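Step one of this worksheet: look at the structure below.
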Amino acid sequence: MAYPLTTIEPGVACGRLLGGNLSMIAAVMGTPYEIDADGIILFIEDVNEPLYRIDRLLTHLRLAGKLAQVAGVLVGDVAGVNSAALARLLKQTFEPLCIPVLAGWRSGHCDPNLTLPMGAVVRLDAGEQRVVLEQDVVFKA
Numbered sequence: 001m002a003y004p005l006t007t008i009e010p011g012v013a014c015g016r017l018l019g020g021n022l023s024m025i026a027a028v029m030g031t032p033y034e035i036d037a038d039g040i041i042l043f044i045e046d047v048n049e050p051l052y053r054i055d056r057l058l059t060h061l062r063l064a065g066k067l068a069q070v071a072g073v074l075v076g077d078v079a080g081v082n083s084a085a086l087a088r089l090l091k092q093t094f095e096p097l098c099i100p101v102l103a104g105w106r107s108g109h110c111d112p113n114l115t116l117p118m119g120a121v122v123r124l125d126a127g128e129q130r131v132v133l134e135q136d137v138v139f140k141a
């Protein structure tokens with residue numbers, strides 16, 4: 001079931017777009033491949049993980065101090081999870097951080113799978129439900 005585009009926390013933030021599969025982001029914590037979350041727009045998605053595991057993965061990132069560092073969060077496809085239950089979990093997790101959070105972006109393990117410019121500077125406007133590219137990502141030689 002496709003998760004509808006939903007504003008979890010309104011607001012606007014700019015930063016480098018980084019992230020990916022939530023299970024993999026959490027799995028590499030404490031290694032040289034750990035995500036540098038300082039000021040980023042964090043993109044997360046996952047597939048076939050029950051809600052309690054999504055909760056555990058987000059808690060792991062919170063306890064590691066990563067969620068407190070991000071400027072905003074873009075949640076992609078989270079296949080196999082009840083949409084209303086996921087929205088409640090996201091609200092509970094991110095509301096205390098006072099950062100913009102937009103969920104239901106059609107990227108991850110879904111069809112269609114919208115391409116995201118990882119590493120590029122973007123502006124996340126969760127209230128208006130949009131992501132705007134703030135830099136050129138293709139350069140002429």
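Under full-length UniProt numbering, the letters of the sequence shown match residues 1 to 141, in that order. Glycine included, each C-beta is placed from N, C-alpha and C at the ideal position. Just so you know, these numbers come straight off a predicted model, no measurement behind them.
Tell me, please, whether the segment 52–59 touches the segment 35–42 by the rule of three or more beta-carbon pairs shorter than 8 Å.
-> no
Output the residue ranges of the alpha helix (DSSP H) runs that lie fully inside the segment 4–48 and measure 4 residues or longer, sorted by chain position.
-> 22–27
Which of the three DSSP states, helix, strand or coil, is assigned to D136?
-> coil
Nearest to E49 by CA position, among V73, V81, R88, is which residue?
-> V81
Residue closest to V132, alpha-carbon to alpha-carbon, out of V28, V75, V78, A120 | A120
Under the rule that 16 or more other beta-carbon atoms within 10 Å means buried, what is V122, buried or exposed?
-> buried
Can you name the start and end residues of the alpha helix (DSSP H) that A85 belongs to?
-> 83–94
Use the C-beta contact count for D136: other C-beta atoms within 10 angstroms, 16 or more gives buried, fewer gives exposed.
-> exposed
For R53, which of helix, strand or coil comes out of DSSP?
-> helix
Since I believe M24 is in contact with N64 (beta carbons under 8 Å), could you give me their beta-carbon distance rounded to a whole number of angstroms?
-> Correcting the residue identity first, residue 64 is Ala in this sequence and not Asn. Not confirmed; about 14 Å, so no contact.
Just curious, the beta strand (DSSP E) that A141 is in, first and last residue?
-> From DSSP, A141 is part of no beta strand (DSSP E); its letter is neither H nor E.
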